[in-house]
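Note sheet for the following structure.
Number of protein chains: 2
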Amino acid sequence: MTQLQRRKIPDAAIARLPIYLQILNNLAATNVLRFSSDELAALAGVNAAKVRKDLSYLGSYGTRGVGYEVTYLIHQIKRELGLMREWNVVVVGAGNLGCALAKFDGFLSRGFPVVGIVDNDPKKIGRTTSSLTVGDVGDLKNIVRDEKVNIGVITTSSPAAQSAADALIEAGITSILNFAPVVLSTPSSVSVRNVDLGVELQILSYYEQMRIENGSKAQSAPQLNSVGA
Amino acid sequence: MTQLQRRKIPDAAIARLPIYLQILNNLAATNVLRFSSDELAALAGVNAAKVRKDLSYLGSYGTRGVGYEVTYLIHQIKRELGLMREWNVVVVGAGNLGCALAKFDGFLSRGFPVVGIVDNDPKKIGRTTSSLTVGDVGDLKNIVRDEKVNIGVITTSSPAAQSAADALIEAGITSILNFAPVVLSTPSSVSVRNVDLGVELQILSYYEQMRIENGSKAQSAPQLNSVGA
DNA sequence: TCAACTTTGTGAATTAATGCACTAAGCCCT
DNA sequence: AGGGCTTAGTGCATTAATTCACAAAGTTGA
Chain A
0 MTQLQRRKIP DAAIARLPIY LQILNNLAAT NVLRFSSDEL AALAGVNAAK VRKDLSYLGS
60 YGTRGVGYEV TYLIHQIKRE LGLMREWNVV VVGAGNLGCA LAKFDGFLSR GFPVVGIVDN
120 DPKKIGRTTS SLTVGDVGDL KNIVRDEKVN IGVITTSSPA AQSAADALIE AGITSILNFA
180 PVVLSTPSSV SVRNVDLGVE LQILSYYEQM RIENGSKAQS APQLNSVGA
Chain B
0 MTQLQRRKIP DAAIARLPIY LQILNNLAAT NVLRFSSDEL AALAGVNAAK VRKDLSYLGS
60 YGTRGVGYEV TYLIHQIKRE LGLMREWNVV VVGAGNLGCA LAKFDGFLSR GFPVVGIVDN
120 DPKKIGRTTS SLTVGDVGDL KNIVRDEKVN IGVITTSSPA AQSAADALIE AGITSILNFA
180 PVVLSTPSSV SVRNVDLGVE LQILSYYEQM RIENGSKAQS APQLNSVGA
C-alpha cells in the first residue's frame, strides 16, 4: 500500500465544514454562482482568513481575484466529509427523543437514513413509528449486518447508555452519537460525539451570570461546543 | 466600581465543568465522599493534569495527598456556572422538537424550568402541552417580562429561526440555544449555542470515512463539539 | 498590452489549550 | 517525631488553532 495517507485536516476545521456546506446549499438554492471568502465568512460568522485556510485544506479550488464556485465547493466539501454516499443510522432507545429522531426527516434529507430503532423494554418492542418497527436491542448485531448500519444513536436513559454503547460496539459500529448525559467508555477506535442539552444550558448559564455580575461588559459564549471523549 | 472583575476561566474549561458536575452528582448519589484528580479524569475521559487545572480555576479546594470533597466541589462548580439559582426558559417553535423539549424533565431537573412556549402558527397557538399553553410569538415580550425568562430556545424551521432570534433579542433575551440548522445573526452581547444534529452526523461521517480509507489506523473524532457564534 | 483592482493562498506571528514534570503539602504508620 | 507515601497545584514546554499581512495570480477596462 503505497497509497498516500489522506491529508490531515485539523479537527477544528472539520467541525466548520458542515456549516459552510449548509450555507453554500442555501446559496445554491438561491442561484448564487460564486462567493468570496469574505462573503462566506460574514454568513458563517467567522474570520475570512479562517475560511480561506479551511477551504485550502480541501485543495486549491478558488480563483484569485474572483472567488469560489458554489456548486464546485459543495462537491468538494461533500467529498471530504464523506457525504458522497449515505450512512445508515440505527437508534437505540425508543423513548420520546428516539422516536422523534426516527421520524425526523432532517436525518434522511442530509443523507443519514434511519434504518432501525431498538429498545430493551418489551412493552416498546413491536410498536411502529413512522414505517419502522421497534426491535429488540438483542437483535442489534443482525440489524447492523442486514441493514448495513454505520452509525448508532443513543437515546436511552442515562443508566442504560453504557450498555447500549457496548451493544453497538459489539455489533461492529464505530461511530456513535450520544444523547444521554453520561461519558461513555469506548475503545479509541470508536468515534463518539455527545449532545447534552443540560451541558449547553449550563454553559449559557455561566456567561449569562457573568454578564449580570460584570454589567454587560462580559464576553459571550463561544459558539462552537466541545463534546469530550 | 472597584469590584474585582471575575477571574477569567478559559472557554474550554467552562465547557468541561458541566461534565465534571454530572459525574460528581453521580458519585454523590452513590455516597462517595472524596475523589482524586486521577479518578475524575478516568471517569471524564480526560487527562488528570487537565482536571486539576480546570478545578484550580475555581479556587484551591483540594487537599494534597487526599483529593477533593465531592459535595464541596459540586457546590463550587455550581456557584461558578451560575447554577445556585434557576434560569427560566422559553421555547420558540411548538413543533415536534419544541413540544418534546417543553415536556422534557431534564430541563427542570437541572434548574432550567420551561415557563413558556410560543409559535407563530395560529393552528398551534392555544394548544396545551404538559401544563403549558402555546402562546403567540408576538407576546414574547410580555412573556419574557412576566415570567422572568432568561434563556430562549429556538426550535422553529430554518427559515423562521432568524426572526425568532430577533424577537427574543427584542424581548431582552441574551442567551439563546438554537436547534435550527442556520447561523444566527446576533449582536455580540448575546450568547448563542448551536445544536445541529446534521453537523454532528457529518463530523462522524468524516472520521468514519477516514477509517475506511486508511484502514483502522485513522484517528477518531474529538469528543467535544464546537458551536460557532 | 498594461495598469489597477480584486481575492486567493499561505508563511509567520500570536494566542489558546494541553500535558509534562516537579514542588509543595498534607496524611499515615512506625 | 519523623520518614515515606500520596496527591494537589502550577511553571513551562509543546501542540493546536487563530489571525495577520502580504505575495501571487487572476480579471477587467482603457
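Heads up: the protein sequence lines correspond to chains A and B, in order. If you count the first sequence from 1, position 11 lands on 10 in numbering that gives the first Met the number 0, and the numbers rise without skipping. If you count the second sequence from 1, position 188 lands on 187 in numbering that gives the first Met the number 0, and the numbers rise without skipping. Ideal placement from N, C-alpha and C gives every residue a C-beta, glycine not left out.
| Asked | Found |
| --- | --- |
| Contacting residues, own chain, Cβ-Cβ under 8 Å from G66/A (five flanking each side not counted) | R33, F34, S35, S36, E38 |
| One or two residues paired with T154/B in a DSSP bridge | DSSP, once it has assigned bridges, lists no residue as partnering T154/B. |
| Contact set between the segment 13-24 of chain A and chain B, restricted to residues whose Cβ is under 9 Å from the partner | I13, A14, R15, L16, P17, I18, L20, Q21, I22 |
| Sub-9 Å separation of A93/B and V113/B beta-carbons | no |
| C-beta contact flag for V152/A and L176/A at 9 Å | yes |
| Which residues DSSP lists as bridging D118/B, in chain order | D135/B |
| Proximity to A14/B [Cα-Cα], best of N24/B, S59/B, E79/B | E79/B |
| Spatially closest choice to R109/A from G64/A, D135/A, K77/A, G134/A, by CA coordinates | K77/A |
| Inter-residue spacing [alpha-carbon to alpha-carbon] between N141/A and G115/A | 11 Å |
| With 16 other Cβ atoms within 10 Å as the buried cut-off, status of N30/B | exposed |
| Length of the line joining the Cα atoms of R63/B and N24/A | 55 Å |
| The segment 169-180 of chain A: positions lying closer than 7 Å to chain B by Cβ | T173, S174, L176, P180 |
| Contacts that E199/B makes with chain A (C-beta to C-beta distance below 7 Å) | L176, R192, V194 |
| Bridge-paired residues (DSSP) for N177/B | I153/B, N193/B |
| Under 9 Å between C-beta atoms of L200/B and F111/A | yes |
| Candidates D120/A, T127/A, Y205/A, of which the one nearest A99/A by Cα | T127/A |
| Contact check, Y19/A vs A43/A, beta carbons under 9 Å | yes |
| Bridge partner(s) assigned by DSSP for Y67/B | F34/B |
| Rounded separation between E68/B and I8/B - CA only | 21 Å |
| 9 Å Cβ cutoff, I202/B in contact with chain A | yes |
| Coil, strand or helix - V113/A by DSSP | strand |
| Chain A contacts from the segment 147-159 of chain B (Cβ-Cβ distance under 8 Å) | N149, I150 |
| Partners in chain A for V189/B, counting only beta-carbon separations shorter than 7 Å | S219 |
| Assigned exposure category for L131/B - 16 Cβ within 10 Å defines buried | buried |
| Amino acids of chain B, ordered along the chain, whose beta-carbon sits closer than 8 Å to that of E207/A | G81, W86, N149, I150, T173, S174, S190 |
| Of the residues N46/A, G97/A, Y71/A, D135/A, the one placed nearest L57/A, counting alpha carbons only | Y71/A |
| 6 Å Cβ shell around N119/B - same chain, five flanking residues per side excluded | V136 |
| Nearest-angstrom beta carbon gap, L82/A and D53/A [assumed within contact, 8 Å] | Wrong, their Cβ atoms sit about 16 Å apart, outside the cutoff. |
| Burial state of E207/B, where buried means 16 or more other Cβ atoms lie within 10 Å | buried |
| Cutoff 9 Å: L96/A Cβ touching any chain B Cβ | yes |
| Min CB distance L167/B to chain A below 9 Å | no |
| CB contact check: S184/B to chain A, cutoff 9 Å | yes |
| Backbone CA spacing between R144/A and S162/A [nearest angstrom] | 19 Å |
| Straight-line gap, S204/B to L203/A (C-alpha atoms, nearest Å) | 28 Å |
| Own chain residues within Cβ distance below 7 Å of I124/B, not counting five before or after | D118, V133, G134, D135 |
| Limits of the alpha helix (DSSP H) - the one that V88/B falls within | Note, V88/B: premise wrong, no alpha helix (DSSP H); beta strand (DSSP E) at 87-91. |
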